[in-house]
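Engineer: Numbered continuously in our numbering, the sequence shown closes out at residue 107.
Using N, Cα and C, we set each Cβ at its ideal position, and we do this for glycine too.
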Amino acid sequence: MKDFPDVQFYDYTKHRNRKDLPENYQLTFSRSEESTTKDLDTALNNGMNLAVVFQKELPETWYGLPVIDGTLNDWRFRDPNPCIVGLLAKGSAKKDTSGFVVIQ
């Protein structure tokens, strides 16, 4: 990333403590059934947005933040910050009860 400062890099991560990243590298924290409030808060405090899967529809807000439709594109580096990148459950995830999918 440092060798290509004019290229924008981005990714999803389960690691909440990623910080001090190159300016051209943006991470989105992927919430899971194992994520705690501390995980979410730490990721947000480190400048990451949160990717969250919802069961039926995207709410306007979640966790006190605006929810954007993460299915419109995968250019996470263009998302407002902070925000929730909302995704809808598909396939067997529609019946998930593990806590991975947020049931409204």
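Of all the options K17, G50, K59, R34, which has the alpha carbon lying nearest to the alpha carbon of S95?
Structural biologist: Cα-wise, what sits closest to S95 is K59.
Engineer: Any idea if L75 is buried or exposed, counting beta-carbon neighbours within 10 angstroms, 16 or more meaning buried?
Structural biologist: The residue in question, L75, is exposed, as its Cβ has fewer than 16 Cβ neighbours within 10 Å.
Engineer: Contact between the segment 77 to 92 and the segment 20 to 37 is defined here as three or more beta-carbon pairs at a separation below 8 Å; is this criterion met?
Structural biologist: Yes: at least three Cβ pairs fall under 8 Å.
Engineer: Check whether the Cβ atoms of G89 and G73 lie closer than 9 Å to each other.
Structural biologist: Yes; because the gap between Cβ atoms is below 9 Å, this pair is in contact.
Engineer: Please state whether DSSP places D14 in a helix, a strand or coil.
Structural biologist: It is a strand residue.
Engineer: Are the CB atoms of S35 and K22 within a distance shorter than 9 Å?
Structural biologist: No.
Engineer: Could you check which residue in K98, T100, G50 has the C-alpha nearest to that of I87?
Structural biologist: Looking at the Cα atoms, G50 is the closest of the given residues.
Engineer: Given that a residue counts as buried once 16 or more other Cβ atoms are within 10 Å of its Cβ, and exposed if not, what is T31?
Structural biologist: Flag for T31 reads buried.
Engineer: Using a Cβ-Cβ cutoff of less than 7 Å, which residues in the same chain neighbour P8 once the five nearest sequence positions on both sides are dropped?
Structural biologist: Cβ neighbours of P8 beyond the five flanking positions: N27.
Engineer: Pick helix, strand or coil for S33, following the three-state DSSP scheme.
Structural biologist: In the structure shown, S33 sits in a strand (DSSP, three-state: E or B).
Engineer: Under the assumption that T45 contacts N20 (Cβ atoms under 8 Å), give the Cβ distance between them as a whole number of angstroms.
Structural biologist: Confirmed, Cβ separation roughly 6 Å.
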